[in-house]
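Residue numbers (our numbering): 9 to 276.
Single-structure report; data block below.
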């Protein structure tokens, strides 16, 4: 940069402009030759499953009853009424219930019962299984089990991407997007990818919130551990490229400013 400034000082004015023009063109060509495209900002874009989901029409199932099933590595709250020593936390205490961890084999280790396999059971079924076990040792046992780590993950073109706790069994797609702060300016409202974990893999489908069925799609229920991915539009790459080029133009503008002022004063 110092060499450039010294060279500019000793050159005639016309040659200075020609040199700066050449430098400007060189920088612009270099930047655009390495410019990003939309695909650079789209996750999973090389996956065949992703390509298939972008072309298929999504199906919304109405009135489908959903009950969350315990999976390995879940953290559960266990309340054994009238027996706080067997509970994960005292329901009358002010301390937060951190829960008990279901191990990688789907087993919960409990006093008296030792290991109880609850993976694959609904919360109600798991609670009933534990309650039946305690009935052998207690005169009265009433058990309530609840999974504490039910979350939905919202990523991509939203203002506050992240994971959000589900206090209910499920929420609608619009509620999930609202919790994440709504869409950004570069969000593609025609391509909202839902990734749902299954026992033998994952299910993916694309939602278009701009078509005539938008209201139906907006009421799609998001289940625990679902990933909601809002894809970017082509403007994402354009805006990023402009941001990368702006400092170069600012530098060239700062260098040219004294020469432009000199020419203006000279001609007037």
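Glycine included, every Cβ here is placed at the ideal spot set by N, Cα and C.
Opening and closing residue of the beta strand (DSSP E) in which residue i lies
i: residue 239; result: 235 to 240
i: residue 185; result: Run containing residue 185: none in the beta strand (DSSP E); it sits in the alpha helix (DSSP H), 181 to 187.
i: residue 142; result: Unbroken run through residue 142 is the alpha helix (DSSP H), 131 to 142; no beta strand (DSSP E).
i: residue 206; result: 195 to 206
i: residue 309; result: The structure shown does not extend to residue 309, since the chain is modelled only from 9 to 276, so the question has no answer here.
i: residue 5; result: No statement about residue 5 is possible, as the shown extent of the chain runs from 9 to 276 and does not include it.
i: residue 213; result: 209 to 215
i: residue 167; result: Here residue 167 belongs to no beta strand (DSSP E), and DSSP marks it neither H nor E.
i: residue 85; result: 83 to 88
Nonlocal neighbours in the same chain, by C-beta distance under 6 Å from residue i, ignoring five residues either side
i: residue 66; result: Because residue 66 carries a pLDDT of 46, less than 50, the predicted location of this residue cannot be relied on, and the following value inherits that uncertainty. 213, 214 and 215.
i: residue 163; result: 169 and 237
i: residue 158; result: 174 and 232
i: residue 184; result: 160, 162, 230 and 236
Candidates the options: closest to residue i by CA position
i: residue 171; options: 178, 184 and 160; result: 160
i: residue 78; options: 194, 135 and 129; result: 129
i: residue 3; options: 190, 196 and 229; result: A question about residue 3 goes unanswered here, because the residues of the chain that appear run from 9 up to 276.
i: residue 126; options: 104, 155, 144 and 182; result: 155
i: residue 186; options: 199, 165 and 206; result: 165
i: residue 104; options: 241, 189, 86 and 191; result: 86
i: residue 132; options: 117, 152, 118 and 123; result: 152
i: residue 196; options: 218, 189, 94 and 177; result: 218
i: residue 194; options: 242, 93, 176 and 182; result: 242
i: residue 135; options: 178, 84, 207 and 97; result: 84
i: residue 93; options: 179, 192, 142 and 201; result: 142
i: residue 200; options: 110, 137, 239 and 109; result: 239
Cβ shell of residue i (< 7 Å), same chain only, five flanking positions each side left out
i: residue 148; result: 90
i: residue 204; result: 210, 211, 231 and 234
i: residue 145; result: 120
i: residue 112; result: 80 and 81
i: residue 198; result: 216 and 218
i: residue 107; result: 83, 84, 85, 96 and 156
i: residue 74; result: 177, 178, 229 and 231
i: residue 192; result: 165, 166 and 167
i: residue 137; result: 124, 126 and 129
Same chain, Cβ closer than 8 Å to residue i, five either side skipped, listed in chain order
i: residue 150; result: 88, 89, 90 and 139
i: residue 63; result: Because the pLDDT at residue 63 is just 44, under 50, the model does not fix this residue reliably, and the point stays unresolved.
i: residue 95; result: 86, 87 and 88
i: residue 123; result: 115, 116 and 117
i: residue 190; result: 166 and 167
i: residue 110; result: 78, 79, 80, 81, 82, 83, 84, 116, 126 and 127
Identified DSSP bridge partners for residue i
i: residue 77; result: 130
i: residue 154; result: 85
i: residue 118; result: 122
i: residue 162; result: 170 and 236
i: residue 94; result: Paired residue(s): none; residue 94 is not in a bridge.
i: residue 8; result: Examination of residue 8 is not possible in this model, given that the chain is present from 9 through 276 alone.
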